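In short: position in the sequence shown from 1, add 447, done, that's the numbering used here. Glycine included, each C-beta is placed from N, C-alpha and C at the ideal position. Bear in mind that the values here come from a model prediction, so they are computed numbers and not experimental data.
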Amino acid sequence: MKKSRILALVAALFIVAVGLVIWNPWDPCDAPKPICENFEKIQDLDGIASVQVDYATMAIDRKDGGSSSATWTVNLSENQQDSAAIESAVRAEEILQTTVVPAVELQNYSQYVLGQPQVVKTEATTGEYYALNISPFEDLQSELHQAFMLRNAGALRVTNSSVVVANPHDLQEVASFAKEHGFDVSLETEDQKVRYTPDPKIDMEKLALVIDAGALPNVETALYGSHRLSVHSITADSTVETSAIQQWLEQRTPPHNDPLRYSVSSPGYAEILEGWIGKALPDSLIPVPAPLPEGTTAWKQDPNANYCTTDDVKFELSAPDAAVGSRYLSVYATNISDTPCAVQGVANLEFFNEEGHPQTDVTVTADPGISPESVVIPVGETAMTTMKWGAMSTSQDPDETTSLEIALLPGLEPTKLTPQIEGTDTSLDILDGAKIRVSPWVQALEGWSKPN
Numbered sequence: 448m449k450k451s452r453i454l455a456l457v458a459a460l461f462i463v464a465v466g467l468v469i470w471n472p473w474d475p476c477d478a479p480k481p482i483c484e485n486f487e488k489i490q491d492l493d494g495i496a497s498v499q500v501d502y503a504t505m506a507i508d509r510k511d512g513g514s515s516s517a518t519w520t521v522n523l524s525e526n527q528q529d530s531a532a533i534e535s536a537v538r539a540e541e542i543l544q545t546t547v548v549p550a551v552e553l554q555n556y557s558q559y560v561l562g563q564p565q566v567v568k569t570e571a572t573t574g575e576y577y578a579l580n581i582s583p584f585e586d587l588q589s590e591l592h593q594a595f596m597l598r599n600a601g602a603l604r605v606t607n608s609s610v611v612v613a614n615p616h617d618l619q620e621v622a623s624f625a626k627e628h629g630f631d632v633s634l635e636t637e638d639q640k641v642r643y644t645p646d647p648k649i650d651m652e653k654l655a656l657v658i659d660a661g662a663l664p665n666v667e668t669a670l671y672g673s674h675r676l677s678v679h680s681i682t683a684d685s686t687v688e689t690s691a692i693q694q695w696l697e698q699r700t701p702p703h704n705d706p707l708r709y710s711v712s713s714p715g716y717a718e719i720l721e722g723w724i725g726k727a728l729p730d731s732l733i734p735v736p737a738p739l740p741e742g743t744t745a746w747k748q749d750p751n752a753n754y755c756t757t758d759d760v761k762f763e764l765s766a767p768d769a770a771v772g773s774r775y776l777s778v779y780a781t782n783i784s785d786t787p788c789a790v791q792g793v794a795n796l797e798f799f800n801e802e803g804h805p806q807t808d809v810t811v812t813a814d815p816g817i818s819p820e821s822v823v824i825p826v827g828e829t830a831m832t833t834m835k836w837g838a839m840s841t842s843q844d845p846d847e848t849t850s851l852e853i854a855l856l857p858g859l860e861p862t863k864l865t866p867q868i869e870g871t872d873t874s875l876d877i878l879d880g881a882k883i884r885v886s887p888w889v890q891a892l893e894g895w896s897k898p899n
């Protein structure tokens, strides 16, 4: 190679080197000078492995200077005592929160991490996670202290509010440790099959329930949170396998014998089965006899009384009533025989349009709050049952209900009744597909629209 060419090559390399000094493409701080100055201060702290800062302009305002954000990721060295790492993080936070960029409203956000992020793959997601990742909320020192303690207790990954462990056994161990120290964090196995979120304190009996549910055959996930156990099955809702899961839940004693809801979902969440662990219902859902006003004497009970027949009673309707979004109608049964007779449960009802055709797909269910007690109606007295349904749209002139048939029991001859308001026939917005809730027969009282 000629000498002139060698000199030219050396000169070119020198120019490139000078350019790289002036513009450093590997500069770890691509931000305004005040941020980079504090970046260097934090990087030089003992116990700090590395620092990353992402600077973003949020808005530009020539008058007020605009706004921007700086997101700091401070990686703590692993080869140091926990206390030293915490001390370094607290000092770093003090430095970065004092960062000011002239003429710019700057928001500083920070997170303190440990080690290199690990790629975690599950059936649902793939992501990178640090063994420890804490963002300052109230007291960074306390938050880091909690995180290091949980990590030392066996957690694989820790954030401010959550812990990931290897398996259900470790879940119990770390949960017990967290409960002992008052760390109310959510806990999850690494495969995401079991997750427990306290409400708000860790409850070991509820944790045991979700772990045991997750171990059942054909269970994909078992999650506890918001006072509910949610189980997802790998089998369809109509299968024997899913029924076995539901049966197990309804035979299990609920934690502390307190009512606890559960749900079982099938693949695609096509249908969700719901119920109560151990079938233990809260008081509000346990049917009770309809209460009578103070001073009212309940009718005498006679276990030997015959059930009323169609000929024993006279049926009448109340005037329809309404509240916001709801409709009400009562049916009265007056004993016109010469001896007391009994009614019990829910009346058999059918609804007809003006042409006399029955409304289709009408669902009638019993009011779950009132137990279907036997009501012995004295001669001349009246029992009542009340219907409630949601208001239905009549804007397109659908076939409304103009009459209904009622029977005390299926198979008895029904009686046809026409709803009226002040003696004039009226219709009800009970249409095809209506859902109606009906109370059991109860003792009718004055003031409850009792017929004359």
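Excluding sequence positions up to five away, which residues of its chain have a Cβ less than 7 Å from the Cβ of Pro857?
-> Here residue 857 refers to the residue found at position 410 of the sequence shown. Cβ within range, chain order: Asn795.
Cβ atoms of Asp749 and Thr807: under 8 Å apart, would you say?
-> Position 360 of the sequence shown, counted from the first residue, corresponds to residue 807. Position 302 of the sequence shown, counted from the first residue, corresponds to residue 749. Contact: no.
Short check: CB of Ile495 to CB of Ser535, under 8 Å?
-> Residue mapping note: residue 495 aligns to position 48 of the sequence shown, counting from 1. Residue mapping note: residue 535 aligns to position 88 of the sequence shown, counting from 1. The answer is yes: Cβ separation under 8 Å.
Asp501 - DSSP class collapsed to helix/strand/coil | Residue mapping note: residue 501 aligns to position 54 of the sequence shown, counting from 1. Note: Asp501 maps to strand in three-state DSSP.
Distance, Cα to Cα, Ser690 vs Phe584?
-> Position 243 of the sequence shown, counting from 1, holds the residue named residue 690. Position 137 of the sequence shown, counting from 1, holds the residue named residue 584. If you take the alpha carbons of Ser690 and Phe584, they lie about 45 Å apart.
For Pro815, does the three-state DSSP call read helix, strand or coil?
-> Reading the sequence shown from its first residue, position 368 is the one you call residue 815. Note: Pro815 maps to coil in three-state DSSP.
For Gln499 and Val468, the rounded distance between their alpha carbons = Taking the first residue of the sequence shown as position 1, residue 468 is located at position 21. Taking the first residue of the sequence shown as position 1, residue 499 is located at position 52. With a pLDDT of 36 at Val468, under the threshold of 50, the modelled position of this residue cannot be trusted; read the value that follows with caution. Distance between the alpha carbons of Val468 and Gln499: 21 Å.
Ile533 and Gln588 closer than 8 Å at C-beta | Taking the sequence shown and counting its residues from 1, one reaches residue 533 at position 86. Taking the sequence shown and counting its residues from 1, one reaches residue 588 at position 141. A contact, by the Cβ cut-off of 8 Å.
Should Ala600 go down as buried or exposed, given a rule of 16 or more other Cβ atoms within 10 Å for buried?
-> Here residue 600 corresponds to residue number 153 of the sequence shown, with the count starting at 1. Classification for Ala600: buried.
Best match in Asp508, Thr520, Asp493, Leu492 for proximity to Tyr502 [C-alpha to C-alpha] = Within the sequence shown, the letter at position 55 stands for residue 502. Of the candidates Asp508, Thr520, Asp493, Leu492, the one whose C-alpha sits nearest the C-alpha of Tyr502 is Thr520.
Check Glu484 in the structure and name its three-state DSSP category.
-> Here residue 484 is taken as the residue at index 37 of the sequence shown, counted from 1. Helix at Glu484.
Candidates Val885, Tyr716, Ser673, of which the one nearest Arg393 by Cα = Because the chain here runs from 448 to 899, residue 393 falls outside it and cannot be looked at.
Segment contact, 8 Å Cβ cut-off, at least three pairs: the stretch 671 to 679 with the stretch 644 to 656 = yes
Report back the beta-carbon spacing between Ile681 and Asn665 to the nearest angstrom; my notes put them in contact at under 8 Å.
-> Residue mapping note: residue 681 aligns to position 234 of the sequence shown, counting from 1. Residue mapping note: residue 665 aligns to position 218 of the sequence shown, counting from 1. Contact flag correct, Cβ pair sits at about 5 Å.
Quick check: the stretch 780 to 791 against the stretch 815 to 825, are there 3 or more CB pairs under 8 Å?
-> yes
Leaving out the 5 sequence neighbours to the left and right, which residues in its chain are closer than 6 Å to Glu852 when beta-carbon positions are compared?
-> As a working mapping, residue 852 is identified with position 405 in the sequence shown. The residues are Glu797, Pro861, Lys863.
Can you list, in chain order, the residues of its chain whose CB lies under 6 Å from that of Thr757, leaving out five sequence neighbours each side?
-> Walking along the sequence shown from the start, residue 757 turns up at place 310. Same-chain partners within the cutoff: Leu859, Glu860.
Can you say whether Lys480 is buried or exposed, counting buried as having 16 or more other CB atoms within 10 angstroms of its CB?
-> Numbered from its first residue, the sequence shown carries residue 480 at position 33. Classification of Lys480: exposed, given that the 10 Å Cβ count is below 16.
Could you pull the start and end residues of the beta strand (DSSP E) that Gln554 belongs to?
-> In the sequence shown, counting from the first residue as 1, residue 554 sits at position 107. 552 to 561 is the span of the beta strand (DSSP E), which, as asked, contains Gln554.
Does the stretch 834 to 848 touch the stretch 865 to 884, meaning 3 or more C-beta pairs lie closer than 8 Å?
-> yes
Does the beta-carbon of Leu656 have 16 or more other beta-carbons within 10 angstroms, so that it is buried, or is it exposed?
-> By 1-based counting over the sequence shown, the position of residue 656 is 209. Answer is buried; the Cβ neighbour count reaches 16.
For Met839, the residue or residues it bridges with in DSSP | Here the question's residue 839 lines up with position 392 in the sequence shown. Beta-bridge pairing links Met839 to no other residue.
Pro787 beta carbon less than 8 Å from that of Leu776 | One-based indexing of the sequence shown puts residue 776 at position 329. One-based indexing of the sequence shown puts residue 787 at position 340. No.
Return the CA-CA distance between Leu579 and Gly772, expressed in angstroms with no decimal places.
-> The sequence position of residue 579 within the sequence shown is 132, counting from 1. The sequence position of residue 772 within the sequence shown is 325, counting from 1. Cα to Cα, Leu579 sits roughly 52 Å from Gly772.
Mark Ser712 as exposed unless 16 or more other C-beta atoms lie within 10 angstroms of its C-beta, in which case mark it buried.
-> Sequence index remark: in the sequence shown, residue 712 carries index 265 (1-based). Result: buried.
Around the C-beta of Thr871, are 16 or more other C-beta atoms found within 10 angstroms, so that it is buried, or is it exposed?
-> One-based indexing of the sequence shown puts residue 871 at position 424. The residue is exposed, with fewer than 16 neighbouring Cβ atoms inside 10 Å.
What runs of the beta strand (DSSP E), each 3 residues or longer, lie entirely inside the stretch 769 to 824?
-> 773 to 782, 788 to 790, 795 to 800, 810 to 813, 822 to 824
Own chain, CB closer than 6 Å to Thr606, minus 5 neighbours either side, in chain order = Position 159 of the sequence shown, counted from the first residue, corresponds to residue 606. So the qualifying residues of the chain are Asn580.
DSSP three-state assignment for Ile542, whether helix, strand or coil | One-based indexing of the sequence shown puts residue 542 at position 95. Note: Ile542 maps to helix in three-state DSSP.
What are the partner residues of Thr832, as DSSP defines its beta bridges?
-> For this step, residue 832 is matched to residue 385 along the sequence shown. Thr832 is bridged to Val778.
So Arg699 is in the alpha helix (DSSP H); what residue range does that whole segment cover?
-> What you label residue 699 is simply residue 252 of the sequence shown in a count that begins at 1. Run containing Arg699: none; DSSP gives neither H nor E here.
Tell me where the alpha helix (DSSP H) around Glu590 begins and ends.
-> Along the sequence shown, read from residue 1 onward, the residue named residue 590 stands at position 143. Run containing Glu590: 587 to 599, per the alpha helix (DSSP H) assignment.
Can you list, in chain order, the residues of its chain whose CB lies under 8 Å from that of Leu892, leaving out five sequence neighbours each side?
-> Here residue 892 is taken as the residue at index 445 of the sequence shown, counted from 1. The answer, listed in chain order, is Leu739, Pro740, Thr743.
Reduced DSSP category for Asp872 - H, G, I as helix; E, B as strand; rest coil = Your numbering for residue 872 matches position 425 in the sequence shown. Correct three-state label for Asp872: strand.
Cα-Cα separation, Trp888 to Val735 | For the purposes of this step, residue 888 is taken as residue 441 along the sequence shown, with counting starting at 1. For the purposes of this step, residue 735 is taken as residue 288 along the sequence shown, with counting starting at 1. Straight-line Cα distance between these residues: approximately 13 Å.
Selection from Asn800, Pro729, Thr812, Glu525 that minimises the alpha carbon distance to Asp876 | As a first step, residue 876 is located in the sequence shown; it is residue number 429 there, counting from the start. Among Asn800, Pro729, Thr812, Glu525, the Cα nearest to that of Asp876 is on Asn800.
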